[in-house]
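Everything on this sheet refers to the single structure shown next.
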Amino acid sequence: MSRVGKKPVTVANGIEVSVDGTVLVAKKGKEEKRLETHGRVEISIEGSEVTFAKVGETKESAAYWGTYRALFANIIEGLDKGFKKSLEINGVGYRAAVQGKTLNLQLGFSHPIDFPIPEGVEVTVEKNLIHLKGTDKQVIGQVAAEIRSFRPPEPYKGKGVKYTDETIIRKAGKSAS
Numbered sequence: 148m149s150r151v152g153k154k155p156v157t158v159a160n161g162i163e164v165s166v167d168g169t170v171l172v173a174k175k176g177k178e179e180k181r182l183e184t185h186g187r188v189e190i191s192i193e194g195s196e197v198t199f200a201k202v203g204e205t206k207e208s209a210a211y212w213g214t215y216r217a218l219f220a221n222i223i224e225g226l227d228k229g230f231k232k233s234l235e236i237n238g239v240g241y242r243a244a245v246q247g248k249t250l251n252l253q254l255g256f257s258h259p260i261d262f263p264i265p266e267g268v269e270v271t272v273e274k275n276l277i278h279l280k281g282t283d284k285q286v287i288g289q290v291a292a293e294i295r296s297f298r299p300p301e302p303y304k305g306k307g308v309k310y311t312d313e314t315i316i317r318k319a320g321k322s323a324s
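Following this note's numbering, the numbering of the sequence shown begins with 148 at its first residue and continues without gaps.
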């Protein structure tokens, strides 16, 4: 039984929610987010709360029940507050800069890396920190993972790109004998 699916999603002020068949639509100003539920859950809107219910008693509908509720809660939180993720660059000569809709990274390779910034993601760089902001949690996490994958942190010197809240377990180097 899903404990997540039981909780109603409270919609913040200024966000309009509507159900169009199996598609749940949330709007705030010009921005609109859609969640397609494929008919595996039943959605009801009561005032400023959206509740989800299982359709049938199958394992599949129980799994989707909590999943769709969590995805919709993330949409509401993104429209209300937004999501942030920060990356830290460690290494001699490692740099980042934003030029238009491109993030330029110099990470110790023979060539610079030009990463195109997707729609809906705002990137700012200060010294050795890259800050990502946006309304879609999945996109922010995916962009952060792609940037980190260019030079993941290594355990010996700690050089590379890491999340600011990530701890790198350091290893001892070779011992001279």
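Beta carbons: idealized from backbone N, C-alpha and C, even for Gly.
Residue i - DSSP class collapsed to helix/strand/coil
i	result
Ala217	helix
Ser296	helix
Ala243	strand
Glu266	coil
Leu254	coil
Nearest-angstrom beta carbon gap, residue j and residue i [assumed within contact, 8 Å]
i	j	result
Val151	Ile190	Contact doesn't hold; Cβ gap of about 15 Å is too wide.
Ser195	Val158	5 Å
Lys232	Ile287	5 Å
Val270	Val245	5 Å
Ala319	Leu234	Actually they do not touch by this definition, with Cβ atoms about 26 Å apart.
Val202	Phe219	Actually they are not in contact, since the Cβ atoms of Val202 and Phe219 sit about 16 Å apart, beyond 8 Å.
Buried versus exposed call for residue i [16 or more other C-beta atoms within 10 Å across all chains shown]
i	result
Ile236	buried
Asp283	buried
Leu226	buried
Val239	exposed
Tyr215	buried
Thr109	Look at the range of the chain in this structure, 148 to 324, and you will see that residue 109 is not part of it.
Pro300	buried
Lys177	exposed
Start-to-end residues for the beta strand (DSSP E) that takes in residue i
i	result
Asp312	Careful: Asp312 lies outside any beta strand (DSSP E) and carries neither H nor E.
Asn275	Neither: Asn275 is in no beta strand (DSSP E) and is coded neither H nor E.
Ser233	230-237
Asp283	Segment: none, Asp283 is in no beta strand (DSSP E) and carries neither H nor E.
Pro302	No beta strand (DSSP E) holds Pro302; DSSP gives it neither H nor E.
Pro263	260-263
* Whole runs of the alpha helix (DSSP H) within the segment 149-220, excluding any shorter than 4 residues -> Under the rule that a run must span 4 or more residues, the alpha helix (DSSP H) segments found entirely inside the segment 149-220 read 150-153.
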